[in-house]
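Count the sequence shown with mature numbering (1 follows the signal peptide of the UniProt record, and there is no 0) and you get residues -24 to -1, 1 to 171, in order.
Idealized CB from N, CA, C, for every residue including glycine.
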Amino acid sequence: MKKPAILIALTASLLAPLATPALAAPKISAQSIIVNPVPTTLQAHVWVNKDPSGTRTPSYRIGDPIRISVQVNENAYVYLFSVDPDGSVDQILPNRLSGSNYVRKSEVRSFPSGGNFQFNVSGNPGVNKVLVVASRRQLDLSELSTFSAGQSFAKVNAEGSKGLAQALSIVVNPVEQPIPQQDWVSDTAFFNATY
């Protein structure tokens, strides 16, 4: 099965900070969707196959296959999201094809990982962003995304970077039992889609 990789867009303006009562508000900007405002020992790194350092913005032609890799410095649950230049948001992981989203310390996990599907760059040309959220605790994404009957990938119920950031802030800071801010972290990778 082929799943298009519709990946995360860079916005032109700064997005407003989110307010969460009694907790420090996550910082939102054009450069990153959500940044943990509290220092933590948990680290996550995300990159695309044309830039293992995760420091450049490599180019892919629309239709090219792409692999997304993550690594964490502690055992963690990993959640991958993408937003394309038009603001469409997809949940890459967890999905119904890749098995567990639990990644062990220092393990490099790539998606897709097997021969049962591949990601291809699709959509409109422009800068895309891939977001990883790593958490020591499993997150409840039921407010953020839903799987339709027979679908392998969940649809994110948010549009654009700002919508994703707001939805993620609710996931990591729920009213009941908020996730301690030192228990999660995020990282981003960019790539450019061209014709």
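Between the region 21 to 32 and the region 58 to 72 there are fewer than three C-beta pairs closer than 8 Å, too few to call the two in contact. Residue range 102 to 111 is occupied by the beta strand (DSSP E) that includes Leu107. The residue from Leu107, Ser74, Gln114 with its alpha-carbon nearest to that of His21 is Leu107. Val14 sits in coil when the DSSP states are folded into three classes, being neither helix nor strand. With fewer than 16 other beta carbons inside 10 angstroms of its own, Gly102 counts as exposed. The beta carbon of Glu50 is closer than 6 Å to those of Leu18, Lys81 in its chain, skipping five residues each way along the sequence. Ranked by Cα distance from Ala52, the first of Val109, Thr170, Ala130 is Val109. Apart from sequence neighbours up to five positions away, the residues of its chain that approach Asn25 with a beta-carbon distance below 6 Å are Arg43, ordered along the chain. The beta-carbon distance between Leu56 and Val48, rounded to whole angstroms, is 12 Å. This is too long to meet the 8 Å contact definition.
In the displayed model, Ser128 falls within coil according to three-state DSSP, outside both helix and strand.
The residue among Pro88, Phe87, Gln94 with its C-alpha nearest the C-alpha of Gly39 is Gln94. In the same chain as Ser35, and ignoring 5 residues on each side of it, the C-beta atoms closer than 6 Å to its own belong to Asn168, Thr170, in chain order. In the assembly as shown, Thr122 is an exposed residue. Its beta-carbon has fewer than 16 other beta-carbons within 10 Å. Between the alpha carbons of Arg85 and Val147 lies a distance of about 23 Å.
Following the DSSP letters along the chain, one finds Leu56 inside the beta strand (DSSP E) bounded by residues 52 to 59. If you draw a straight line from the Cα of Arg113 to the Cα of Gln158, it comes to about 11 Å. Bounds of the alpha helix (DSSP H) holding Ser137 are 136 to 148.
In the assembly as shown, Val97 is a buried residue. Its beta-carbon has 16 or more other beta-carbons within 10 Å. Pairing Val132 with Ser124, the inter-Cα distance amounts to about 11 Å. Counting along the chain, Arg37 sits inside the beta strand (DSSP E) bounded by residues 35 to 37. Under the DSSP definition of a beta bridge, Leu69 partners with Leu56.
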